[in-house]
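Here's the structure, in structure tokens; my notes come after.
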Amino acid sequence: MYLTVRQIMDIGPLQRSRIISGMGGLDNIVKTVTVMDVPNIENWLKGNEFVLTNVFAIKDDIVAQKQLIKVLKLKNVAALGIKLKSYIETVPNEMIQLSNELNIPIIELPADCSWRDIIDPVLHRIVNENYKVLEKSLAVHNRLMKILLQEGGLEVLCNSIKELITAPVAIVDSLFKPMAKSRDDEWEFVFKELLNNGNIINHLKKKQDVKSNFVFYSFASNKLNKLGIKVCLVRIEHDNFLLGYLAVLLKIDVESLKEDDIVTLERACIMAALEIIKQRNIQKVSRKFFNEFLGELLEGKLTSLEEIHQRAHFLGVRMYDRYAVILVNTSIYKNYYKQIGRLKKNEFTLDSLKDSVIREITNRINILKDALIYDRGDYIAILLPQMEAITSRLSGIITELKNILVFYLKNVKIGIGEWKDLLKVNESYIDAYYALKVALNDPDNDIVYFNDLGILKFFIKNSGDLDTRHIREIYDRTLKPLADYDTKNKSDLITTLDTYFKSNFCFNKTAQKLFVHINTLRYRLEKIESLTGLSLKKSEDLFNLYLGLKIHFLLKNLI
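Position in the sequence shown counted from 1, then plus 1262, gives you the numbering used here.
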């Protein structure tokens, strides 16, 4: 920490000094003191100096005197101390005017004191202030390190920081999603505000403490204003990579942080970074063993129920009798990087993505707490246990899952396999893979159930890709004439045929559903037979038309 011009006025001979001008710069930071004994002093200035002079070098040059004030401003000098009577009687009005304009204080120094009388006590105070800060910083460091070593965890760290700065504290990840918080009720509301403000980066106001250069961000909203609070956010970094933010709740009228709090937050961010990295490394090792287990299970390498349950028990995982596999394509992270702004794509942000996705899935879809989630790099595999609570609302769960993933990923595609016994869960995985392949080939179909593919399952190659050549041949022989006719004449032959099948070939039901007269229906069906050359009375032709319909509605973007 350093002193301001205002503060050094209470030190030694400066107590007898007089501020002549530049009152707007009294909060300028003083880091050192130097003496001007040559005209071109700008070559030796580094910034934040308190410059002492008797003006001898420029005593007869009013242009140089004015230029001096401009140079001091350009070099970010804190103030100018002038000893009068020796070479000039008074400070020229031109210097005073520029001093006021540029907020460079001009201080009249006592004529009876030497430069050393001023320099020594000011530097002594600056060194003492920095020593106090260092001492405070070390004490905070030792306290927080001891707590982390003895108890560990970000939650414990938040509560310890709260005790030091007497304000609620939380830690959020790089997307402002909560990781830990102190025991304060306000945080649940604040977290919602942080996450409900779109691209929050645009709502943050960057601030910097003038004494310490400590950088933090302030966030406020109308709802927070009504509560009389705002959020102070400090970056938690490692090797210039953002790991998250330390968040502090402040009263809305608090303009800046106290010096002691800044020292505490600086050290706290280091401790938080260490703990986050430690937790991620632990999670990485745990995830490695977990992924190896699930990988072998999904690849069909585990053929003994006893072995499966033993390894699951070792990992603390509960296994169920039957599962269905959901496979999500996660190879493109564009939405995620849009959310984190200009951050570099590095292992921490990628790990944060995976952790955030898994955490979001289990936190927001509570019913999936017993699901097993496998990170395969380009895919996330979710093993859903077969239980009434899940099977009864599977479609809703899948939709909710997609809504979560859209926040992170671009072009979310999901394939869902069939329910299988534990030893055959690899078959559900293969089903899900085939379904996902279909979804990836269809821009309009993001969610595909293997069950819904029906007869189309037989057109899937071993690679998981669809046999598009044979599919196109079948479509061209069946529904393409109807599709062309509908397009040209704005008719509804395909809709009519689909409704006819869904009504179990009942004329009356089909006509009712289409809101047409039965004779109109007869005409349309005859037209279908005429265009396709297929009979609605022959089972083989009906099969081909049904297959054409499946291709049309499920794979229309491939044909």
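For glycine and all other residues, C-beta sits at the position ideal for the given N, C-alpha and C.
Would you call residue i buried or exposed, if buried means 16 or more other Cβ atoms sit within 10 Å of its Cβ?
{"i": "residue 1728", "result": "buried"}
{"i": "residue 1311", "result": "buried"}
{"i": "residue 1540", "result": "exposed"}
{"i": "residue 1348", "result": "exposed"}
{"i": "residue 1336", "result": "exposed"}
{"i": "residue 1455", "result": "buried"}
{"i": "residue 1576", "result": "exposed"}
{"i": "residue 1640", "result": "exposed"}
{"i": "residue 1551", "result": "exposed"}
{"i": "residue 1658", "result": "exposed"}
{"i": "residue 1647", "result": "buried"}
{"i": "residue 1693", "result": "buried"}
{"i": "residue 1578", "result": "exposed"}
{"i": "residue 1792", "result": "exposed"}
{"i": "residue 1464", "result": "exposed"}
{"i": "residue 1519", "result": "buried"}
{"i": "residue 1751", "result": "exposed"}
From residue i to residue j, what does the alpha carbon distance come to, in whole angstroms?
{"i": "residue 1644", "j": "residue 1691", "result": "9 Å"}
{"i": "residue 1698", "j": "residue 1715", "result": "11 Å"}
{"i": "residue 1608", "j": "residue 1360", "result": "Confidence at residue 1608 is low in this model, with a pLDDT of 46, below 50, so its placement is unreliable and the value that follows should be read with caution. One C-alpha to the other measures close to 49 Å."}
{"i": "residue 1507", "j": "residue 1478", "result": "10 Å"}
{"i": "residue 1426", "j": "residue 1536", "result": "19 Å"}
{"i": "residue 1759", "j": "residue 1799", "result": "13 Å"}
{"i": "residue 1747", "j": "residue 1797", "result": "18 Å"}
{"i": "residue 1596", "j": "residue 1588", "result": "Annotation note: pLDDT 48 at residue 1596 (below 50); position unreliable, coordinate value reported separately. Distance between the alpha carbons of residue 1596 and residue 1588 is about 22 Å."}
{"i": "residue 1606", "j": "residue 1592", "result": "Since pLDDT at residue 1606 reaches only 43, below the 50 mark, its modelled position is unreliable, and no value is offered."}
{"i": "residue 1351", "j": "residue 1524", "result": "44 Å"}
{"i": "residue 1804", "j": "residue 1788", "result": "14 Å"}
{"i": "residue 1604", "j": "residue 1306", "result": "With a pLDDT of only 41 at residue 1604, under the threshold of 50, the placement of this residue in the model should not be trusted, and no figure is reported."}
{"i": "residue 1532", "j": "residue 1722", "result": "53 Å"}
{"i": "residue 1448", "j": "residue 1637", "result": "34 Å"}
{"i": "residue 1811", "j": "residue 1741", "result": "7 Å"}
{"i": "residue 1321", "j": "residue 1493", "result": "52 Å"}
{"i": "residue 1776", "j": "residue 1756", "result": "12 Å"}
{"i": "residue 1275", "j": "residue 1287", "result": "20 Å"}
{"i": "residue 1815", "j": "residue 1773", "result": "21 Å"}
{"i": "residue 1220", "j": "residue 1635", "result": "The first residue shown for the chain is 1263 and the last is 1821, placing residue 1220 beyond what the model contains."}
{"i": "residue 1376", "j": "residue 1527", "result": "41 Å"}
{"i": "residue 1620", "j": "residue 1389", "result": "50 Å"}
{"i": "residue 1298", "j": "residue 1334", "result": "11 Å"}
{"i": "residue 1802", "j": "residue 1739", "result": "13 Å"}
{"i": "residue 1809", "j": "residue 1718", "result": "8 Å"}
{"i": "residue 1529", "j": "residue 1509", "result": "14 Å"}
{"i": "residue 1319", "j": "residue 1309", "result": "21 Å"}
{"i": "residue 1291", "j": "residue 1534", "result": "30 Å"}
{"i": "residue 1409", "j": "residue 1418", "result": "8 Å"}
Please return the same chain residues whose Cβ sits closer than 7 Å to the Cβ of residue i, not counting the five positions on each side in sequence.
{"i": "residue 1424", "result": "1430, 1431 and 1444"}
{"i": "residue 1269", "result": "none"}
{"i": "residue 1564", "result": "1558 and 1570"}
{"i": "residue 1631", "result": "1624"}
{"i": "residue 1666", "result": "1622, 1623 and 1626"}
{"i": "residue 1331", "result": "1357, 1360, 1361, 1364 and 1366"}
{"i": "residue 1652", "result": "1629, 1646 and 1659"}
Tell me which same chain residues have a C-beta within less than 6 Å of the C-beta of residue i, skipping the five on either side of it?
{"i": "residue 1813", "result": "1733 and 1737"}
{"i": "residue 1283", "result": "1358, 1361, 1362 and 1368"}
{"i": "residue 1453", "result": "1440"}
{"i": "residue 1656", "result": "none"}
{"i": "residue 1278", "result": "1372"}
{"i": "residue 1766", "result": "none"}
{"i": "residue 1512", "result": "1492 and 1494"}
If I measure Cβ to Cβ from residue i and keep anything under 8 Å in the same chain, skipping five residues before and after, which residues do I get?
{"i": "residue 1289", "result": "1266, 1267, 1268 and 1472"}
{"i": "residue 1466", "result": "1479, 1480, 1481 and 1495"}
{"i": "residue 1594", "result": "Since pLDDT at residue 1594 reaches only 49, below the 50 mark, its modelled position is unreliable, and the value read off the structure follows with that caveat. Result list for residue 1594: 1671, 1672 and 1673, in chain order."}
{"i": "residue 1770", "result": "1780"}
{"i": "residue 1385", "result": "1294 and 1295"}
{"i": "residue 1795", "result": "none"}
{"i": "residue 1462", "result": "1438, 1456 and 1481"}
Determine, using beta-carbon pairs with one atom in the segment 1376 to 1394 and one in the segment 1402 to 1411, whether at least three such pairs fall under 8 Å. Using a Cβ-Cβ distance cut-off of 8 Å, the segment 1376 to 1394 and the segment 1402 to 1411 are not in contact, since fewer than three pairs of beta carbons, one from each stretch, lie closer than that value.
Between the segment 1731 to 1744 and the segment 1689 to 1704, do at least 3 Cβ pairs fall closer than 8 Å? The segment 1731 to 1744, when compared against the segment 1689 to 1704, does not touch it at the 8 Å Cβ threshold.
Does the segment 1680 to 1700 come close enough to the segment 1573 to 1588 that 3 or more CB-CB pairs lie under 8 Å? Output reads yes: the segment 1680 to 1700 touches the segment 1573 to 1588.
Are there three or more Cβ pairs, one per stretch, closer than 8 Å when the segment 1388 to 1400 is compared with the segment 1483 to 1490? Not touching, per the Cβ criterion.
Only counting runs of 4 or more residues, tell me where the alpha helix (DSSP H) segments fall wholly within the segment 1610 to 1663, in order along the chain. 1650 to 1653, all fully within the segment 1610 to 1663.
Count Cβ pairs between the segment 1363 to 1374 and the segment 1340 to 1354 that sit closer than 8 Å; are there 3 or more? Touching, yes.
Could you pull out every unbroken alpha helix (DSSP H) segment of at least 4 residues lying fully inside the segment 1711 to 1759, listed in chain order? If one requires a minimum length of 4 residues, the alpha helix (DSSP H) runs lying completely within the segment 1711 to 1759 are 1730 to 1739 and 1742 to 1751, in chain order.
Every unbroken alpha helix (DSSP H) inside the segment 1546 to 1600 [4 residues or more]: As far as the segment 1546 to 1600 is concerned, its whole alpha helix (DSSP H) runs of at least 4 residues are 1567 to 1576.
Residue ranges of each alpha helix (DSSP H) run of no fewer than 4 residues wholly in the segment 1411 to 1483, ordered along the chain? The qualifying runs are 1416 to 1427 and 1448 to 1457.
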